[in-house]
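Going by full-length UniProt numbering, the first residue of the sequence shown is number 1, and it counts up by one from there.
Below is one structure, written out as structure tokens; the observations come after it.
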Amino acid sequence: MSSQPAYLRGRGRGRGQANQVVQQNGASAHQTRQPGPLQPVSNAWSNQSSKNGPSVRSPTKDSQHLETSLKSVEDLFAQARKDHLESAQKCLHSMKGDDLDDSEDEEEDIGSIVLNGVFKSYAKTYDQNGSSDVHTAQEKLLHSFRSGTSACLVCIETIKKDEAIWSCSGCYCMFHIPCIQKWVREGIYQKQYSSEEFSKDEKNTHNIPWFCPKCRYEYTQSQCPNRYFCFCGKEQDPKFDPWLVPHSCGAVCGRQIKPNCGHTCLLLCHPGPCPPCPAMVKSTCHCGKSAARMVRCSARSWACKSVCGHVLSCGQHKCAENCHPGECSPCAQTSIQKCCCGKTKAERPCDSIVWKCDMVCGKILSCGNHRCEQVCHAGPCGACPRAGARKCPCGKTEFQRPCLEDIPTCGDTCGKPLDCGEHFCLQRCHNGKCGQCIERTVKKCRCGQRQKEVACAKEFLCDKKCNNLRNCGVHKCNRKCCDGNCSDCEQICGKTLRCRNHKCPSSCHKGPCYPCPLTVEITCNCKKTKISVPCGRERDTKPPRCKQPCRAPSECHHPQRQKHRCHFEECPPCNFVCSLELKGCQHTCPASCHDSVRTRIEDKSVKIGPWDARPVRYEKQKKPCPPCQVPIPVQCLGLHETSEIPCSKVSPYSCGRICGRSLPCGNHVCQRECHVVTDAEDSQSAGADCQPCELGCEVDRPAGCTHRCRKPCHPPPCPPCRMMVRMRCHCQTLLKHVECNQWVAASASLKETLQSCGEPCPKEMACGHPCGAICHPGSCPNTGKCEKKVVLKCRCKRKKKEMVCKDKQSFQGKLECDESCKSNKKNVDEAKQKEAEEEERRKQEAELEEFERKMKGRKKKPRKHREEEVEEESFCARYGYYAVFLALGLASASAGAYVYVQDML
1 MSSQPAYLRG
11 RGRGRGQANQ
21 VVQQNGASAH
31 QTRQPGPLQP
41 VSNAWSNQSS
51 KNGPSVRSPT
61 KDSQHLETSL
71 KSVEDLFAQA
81 RKDHLESAQK
91 CLHSMKGDDL
101 DDSEDEEEDI
111 GSIVLNGVFK
121 SYAKTYDQNG
131 SSDVHTAQEK
141 LLHSFRSGTS
151 ACLVCIETIK
161 KDEAIWSCSG
171 CYCMFHIPCI
181 QKWVREGIYQ
191 KQYSSEEFSK
201 DEKNTHNIPW
211 FCPKCRYEYT
221 QSQCPNRYFC
231 FCGKEQDPKF
241 DPWLVPHSCG
251 AVCGRQIKPN
261 CGHTCLLLCH
271 PGPCPPCPAM
281 VKSTCHCGKS
291 AARMVRCSAR
301 SWACKSVCGH
311 VLSCGQHKCA
321 ENCHPGECSP
331 CAQTSIQKCC
341 CGKTKAERPC
351 DSIVWKCDMV
361 CGKILSCGNH
371 RCEQVCHAGP
381 CGACPRAGAR
391 KCPCGKTEFQ
401 RPCLEDIPTC
411 GDTCGKPLDC
421 GEHFCLQRCH
431 NGKCGQCIER
441 TVKKCRCGQR
451 QKEVACAKEF
461 LCDKKCNNLR
471 NCGVHKCNRK
481 CCDGNCSDCE
491 QICGKTLRCR
501 NHKCPSSCHK
511 GPCYPCPLTV
521 EITCNCKKTK
531 ISVPCGRERD
541 TKPPRCKQPC
551 RAPSECHHPQ
561 RQKHRCHFEE
571 CPPCNFVCSL
581 ELKGCQHTCP
591 ASCHDSVRTR
601 IEDKSVKIGP
611 WDARPVRYEK
621 QKKPCPPCQV
631 PIPVQCLGLH
641 ETSEIPCSKV
651 SPYSCGRICG
661 RSLPCGNHVC
671 QRECHVVTDA
681 EDSQSAGADC
691 QPCELGCEVD
701 RPAGCTHRCR
711 KPCHPPPCPP
721 CRMMVRMRCH
731 CQTLLKHVEC
741 NQWVAASASL
751 KETLQSCGEP
761 CPKEMACGHP
771 CGAICHPGSC
781 PNTGKCEKKV
791 VLKCRCKRKK
801 KEMVCKDKQS
811 FQGKLECDES
821 CKSNKKNVDE
831 AKQKEAEEEE
841 RRKQEAELEE
851 FERKMKGRKK
861 KPRKHREEEV
871 EEESFCARYG
881 YYAVFLALGL
891 ASASAGAYVY
901 VQDML
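Given below as structure tokens:
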């Protein structure tokens, strides 16, 4: 695609036909596109040439036409330029915040692409999610890539992407090269003229250091930046590339990683410190017990879970901590230890074996006369300080005397120099200090402007105040009798810094103040996205564009707002469907949410004058839901017909027809006019409000039941008959009462169960014992199977044998006597006869009691008679059935008693 604009390529207004004309005449296209004032051709000339074809015109006429065409083309170009400017201004005024934010989104997208490119080689060898340092490096890259976030702390101006910069080696803060050069010059000048060391010797001025404005990192004057390099220092004057990090060369960084491990940085040229080393190395744990393993070079120091086990400083115990870096902790155990002099014992930590008490040693010295006056110490006490040759106090005479004798004074003049340094002590040899000099001399004051005769030991100071300015150049010294070395100004500078938020906290000084070292965090509305800018730039820096969803609470009944990004203005109105349940029905509101509608409210007060405008304000109000318009099919009260009515206007109505529902009897219908039916089982059955049926029951009774239904008219079947049927049990001992419906509906086997009394059968078997089985019909099932125990005796009653009753037949009911029975027979016969008679008497009494108990029957419980409406019946119809059963029972009882008496006899 050609870079030449359209209006120079012959495609603009008034140029297309001119090309055709020139080509017809044989002229080249390059001749028609030559720049200059003669290039455009008017429309009139092009139209005329197209009509008449190729022709040759006179030079005068051609020049006239050419001038007129030039003027028209220039006017057209000026008008087009004016229209373009007007449309551009309108476009800029009509642009909204969202259109401007698109450029920021584009910049963030480009930043993410650049970030991925920088970390491309680094991500292959390191897990970016596992290190906070890597995230810090990424944040610094994005911070440097965003426009308007980097600022020079010297001039407090934004660092543009194409400006020459210098970055500090300590804090990696960026500065304009002219700004940092100015900072160095002013700092060296101020240091040179404020320090006496550098002001006197000009050779030392080259050794004056300068410091970073932010972190105070120290540099020499030779390190003052004078050339623009990329961050890694490989390329000078790097060119700006929108697809690279600003001020970088785009090559691999290659700087030594700190702490120095021997590896180099793998990132592309980047600002800020290099991230931790991602190389894999083989390293052992701190204690050295575990086997070496491959770890990251930046995390080569690792701890295993084993116990350290190194011998502690006490030499007796071992370290019980888990594998740890550095030296082992002191031994935590205690023991009783003596001090150095051996006089005191105390419980002390095991690692501090050597310790001193507060007592004087007191051991006898080598002289045998004095004791050691040192505080508790280790080793020998040393020789006696009074032994050997000693001098007098003035040091002129030497004496050799025993340690018990003191050295006397020699009587000569002392002659020691006094504290003044000019005179000597005039006293005789003496002990102690010489005292102050009492000579009088003429002394000058410290400032050198006055003098006076004073004692040599005293310092002479005048009362004149120093008028020299201090190093700040603003405040006077005001020190009395100053020697010229005025102290530094102790007042606080207090000047407002360039950030216009803080004041200089340093001591009063010359030159510009240090820039404000503080940074301000600018956050989005939700405080999740932050950027740090130098103090003072927060007023000119736009808040960061946050990608987090807006966290503002919902103003309507919906739990959450529509998803949109974090912002500072009011949230957009809710566009969700209201969906609230309408009052009076169960439908939901289909309109858009109207809980928080921005409403225009006008002041309805009377105007004072025609020029006064009524104030208007906007408030968010909750609008009521519109009436429900859902068509509802509504039935009449009796459910005979259905009509569709709007939900908000629904009300019950009667159609005027006969109800016609089947009454509970199932034989008749309700004759009332259309009415509300409640408690109805279905649409055909009558409810509680329908007319009740007042006729009697007409349903046939079931087979076998002779009783009549006492209820009014009702649908079949009739309720079960609760009348009681009286009958004897199988063993004819008790009378049983069973409900009629149970007896009629029961099967043959169930009837046998209902007729059984549940007691043991009292009938006697052939062996003479009762049956024992539960009351049953027919013959006894235990005949020949009696399990009762019996005792067989011989005729003399001496020999006995126990057995089961069913086995008694094998002995034919007798036990033969043996030889021993015959000898005792006579003596025992009488006793046995008496015993037999007594036994027979007891047996007869027991059988008589059992017979009376069976004849008497069970104790009957009082029956609860239900009150029922029964028609009066005759005596025979009511009690005839019971009389027959009573007669049969008495007959059977008398027959059984007769048989029993015959058996007893």
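Where a beta carbon is used, it is the ideal one built from N, C-alpha and C, also for glycine.
Check your understanding: If you drop the 5 nearest sequence neighbours on each side, which residues of the same chain put their C-beta closer than 8 Å to that of residue 711?
Key -> For the purposes of this step, residue 711 is taken as residue 711 along the sequence shown, with counting starting at 1. Excluding sequence neighbours, residue 711 sits near 697, 718 and 719.
Review point. Is it right to say residue 907 is buried, meaning 16 or more other beta carbons lie within 10 angstroms of its own, or is it exposed?
Key: Residue 907 cannot be examined here, being either before or after the span of the chain that is shown, 1 to 905.
Review point. Which residues does DSSP pair with residue 393 in a beta bridge?
Key: Here the question's residue 393 lines up with position 393 in the sequence shown. Paired residue(s): none; residue 393 is not in a bridge.
Check your understanding: Residues in its own chain within less than 8 Å of residue 835 by CB, not counting five upstream and five downstream?
Key -> Here residue 835 corresponds to residue number 835 of the sequence shown, with the count starting at 1. Once the five neighbours on either side are set aside, the close Cβ partners of residue 835 are 797.
Check your understanding: According to the Cβ coordinates, are residue 356 and residue 376 closer than 7 Å?
Key -> For this step, residue 356 is matched to residue 356 along the sequence shown. For this step, residue 376 is matched to residue 376 along the sequence shown. Yes, they are a contact pair.
Point to revise | C-beta contact flag for residue 440 and residue 453 at 7 Å | key: Here residue 440 refers to the residue found at position 440 of the sequence shown. Here residue 453 refers to the residue found at position 453 of the sequence shown. Yes, Cβ-Cβ distance for residue 440 and residue 453 is below 7 Å.
Review point. For residue 733, which of helix, strand or coil comes out of DSSP?
Key: Your numbering for residue 733 matches position 733 in the sequence shown. In this structure, residue 733 counts as coil in the three-state DSSP scheme.
Check your understanding: For residue 521, which three-state DSSP category applies?
Key -> Against the sequence shown, residue 521 aligns to sequence position 521. Looking at residue 521 - three-state DSSP - the assignment turns out to be strand.
Review point. Taking three-plus beta-carbon pairs below 8 Å as touching, is the stretch 593-607 in contact with the stretch 631-646?
Key: no
Exercise for review: Leaving aside the five residues before and after residue 616 along the sequence, list all residues of the same chain whose C-beta is less than 8 Å from its C-beta, in chain order.
Suggested key: The count along the sequence shown starts at 1 and reaches residue 616 at position 616. Excluding five sequence positions before and after residue 616, the CB atoms of its chain that fall closer than 8 Å to its own CB belong to 600, 601, 602 and 603, given in chain order.
Practice item. Assess, as a yes-or-no matter, whether the stretch 158-175 is touched by the stretch 263-273 under the definition of 3 or more beta carbon pairs within less than 8 Å. Key: yes
Review point. Among 504, 573, 293 and 167, which residue has its Cα nearest to the Cα of residue 223?
Key: Sequence index remark: in the sequence shown, residue 223 carries index 223 (1-based). Answer by Cα proximity: 167.
Check your understanding: Which value, in whole angstroms, describes the spacing of the CA atoms of residue 674 and residue 589?
Key -> Here residue 674 refers to the residue found at position 674 of the sequence shown. Here residue 589 refers to the residue found at position 589 of the sequence shown. So the two alpha carbons sit approximately 34 Å from each other.
Exercise for review: Hey, could you find the ends of the beta strand (DSSP E) residue 602 is sitting in?
Suggested key: Locating residue 602 in the sequence shown gives position 602, counting from the first residue. 597-602 is the extent of the beta strand (DSSP E) around residue 602.
Exercise for review: Go ahead and label residue 888 buried or exposed: buried means 16 or more other beta carbons lie within 10 angstroms of its beta carbon, across all protein chains shown.
Suggested key: Looking up residue 888 in the sequence shown gives position 888. By the beta-carbon neighbour count (other beta carbons within 10 angstroms, threshold 16), residue 888 is exposed.
Practice item. Assign residue 187 to one of three DSSP states: helix, strand, or coil. Key: Against the sequence shown, residue 187 aligns to sequence position 187. In this structure, residue 187 counts as helix in the three-state DSSP scheme.
Practice item. Note down the Cα distance separating residue 292 from residue 324, rounded to an integer number of angstroms. Key: For the purposes of this step, residue 292 is taken as the residue at position 292 of the sequence shown. For the purposes of this step, residue 324 is taken as the residue at position 324 of the sequence shown. Taking the straight line joining both Cα atoms gives about 16 Å.
Point to revise | Where residue 181 falls: helix, strand or coil (DSSP) | key: Taking the sequence shown and counting its residues from 1, one reaches residue 181 at position 181. Here residue 181 sits in helix by DSSP.
**Study point:** Buried or exposed (CB count within 10 angstroms, at least 16 for buried), residue 743
**Key:** Taking the sequence shown and counting its residues from 1, one reaches residue 743 at position 743. Result: buried.
Point to revise | DSSP state of residue 289 mapped onto helix, strand, coil | key: By one-based count along the sequence shown, residue 289 stands at place 289. Three-state result, residue 289: coil.
Exercise for review: List the residues that DSSP assigns as beta-bridge partners of residue 539.
Suggested key: One-based indexing of the sequence shown puts residue 539 at position 539. None, per the DSSP bridge assignment.
Check your understanding: When you compare only the Cα positions, how much space is there between residue 394 and residue 413?
Key -> Mapped onto the sequence shown, residue 394 falls at position 394. Mapped onto the sequence shown, residue 413 falls at position 413. In this structure, the straight-line span from the alpha carbon of residue 394 to that of residue 413 is close to 8 Å.
Exercise for review: Pull up the CB-CB distance for residue 300 and residue 283, whole angstroms please, since I reckon it's below 8 Å.
Suggested key: The sequence position of residue 300 within the sequence shown is 300, counting from 1. The sequence position of residue 283 within the sequence shown is 283, counting from 1. Going by Cβ atoms, the distance from residue 300 to residue 283 rounds to 4 Å, so yes, they are a contact pair.
Review point. Among residues of its own chain, excluding the 5 on either side of residue 707, which ones have a beta-carbon nearer than 8 Å to its beta-carbon?
Key: Locating residue 707 in the sequence shown gives position 707, counting from the first residue. Leaving aside the five residues that flank residue 707 on each side, the residues in its chain whose CB is nearer than 8 Å to its CB run, in chain order, 701, 721, 723 and 740.
**Study point:** residue 170 in three-state terms, based on DSSP
**Key:** In the sequence shown, counting from the first residue as 1, residue 170 sits at position 170. Residue 170: coil per DSSP, three-state reduction.
Check your understanding: Ends of the beta strand (DSSP E) at residue 749?
Key -> Position 749 of the sequence shown, counted from the first residue, corresponds to residue 749. That residue, residue 749, is in no beta strand (DSSP E); its alpha helix (DSSP H) goes 748-755.
Practice item. Report yes or no: do three or more beta-carbon pairs, one from the stretch 540-560 and one from the stretch 505-516, lie closer than 8 Å? Key: Inter-segment contact for the stretch 540-560 and the stretch 505-516 is absent: fewer than three beta-carbon pairs are separated by less than 8 Å.
**Study point:** Best match in 493, 628, 777 and 448 for proximity to residue 485 [C-alpha to C-alpha]
**Key:** Here residue 485 is taken as the residue at index 485 of the sequence shown, counted from 1. That would be 448, whose Cα lies nearest to the Cα of residue 485.
Check your understanding: DSSP puts residue 724 in a beta bridge; with which residues?
Key -> Locating residue 724 in the sequence shown gives position 724, counting from the first residue. Paired residue(s): 739.
**Study point:** Residue interval of the beta strand (DSSP E) (run including residue 618)
**Key:** Your numbering for residue 618 matches position 618 in the sequence shown. Taken as a continuous stretch (DSSP letters only), the beta strand (DSSP E) holding residue 618 covers 616-621.
Exercise for review: Out of 853, 483 and 562, state which residue places its alpha-carbon closest to the alpha-carbon of residue 468.
Suggested key: What you label residue 468 is simply residue 468 of the sequence shown in a count that begins at 1. Checked all of 853, 483 and 562; the closest Cα to residue 468 is 483.
Exercise for review: Look at the alpha carbon of residue 28 and the alpha carbon of residue 242, and state the distance between them as a whole number of angstroms.
Suggested key: The count along the sequence shown starts at 1 and reaches residue 28 at position 28. The count along the sequence shown starts at 1 and reaches residue 242 at position 242. Because the pLDDT of residue 28 is 33, which lies under 50, any placement of that residue in the model is unreliable, and the question is left without a value.
Point to revise | Test item: CB-CB of residue 679 and residue 666 under 7 Å | key: For the purposes of this step, residue 679 is taken as the residue at position 679 of the sequence shown. For the purposes of this step, residue 666 is taken as the residue at position 666 of the sequence shown. No, the Cβ-Cβ distance between residue 679 and residue 666 is not below 7 Å.
Check your understanding: If you check the beta carbons only, do residue 277 and residue 257 fall under 7 Å apart?
Key -> If you number the sequence shown from 1, residue 277 lands on position 277. If you number the sequence shown from 1, residue 257 lands on position 257. Taking 7 Å as the Cβ cut-off, residue 277 and residue 257 qualify as a contacting pair.
Check your understanding: In three-state DSSP terms, what is residue 780?
Key -> Locating residue 780 in the sequence shown gives position 780, counting from the first residue. Coil at residue 780, not helix or strand.
Review point. Taking the beta strand (DSSP E) that residue 440 falls in, what are its first and last residues?
Key: Counted from its first residue, the sequence shown places residue 440 at position 440. Run containing residue 440: 440-444, per the beta strand (DSSP E) assignment.
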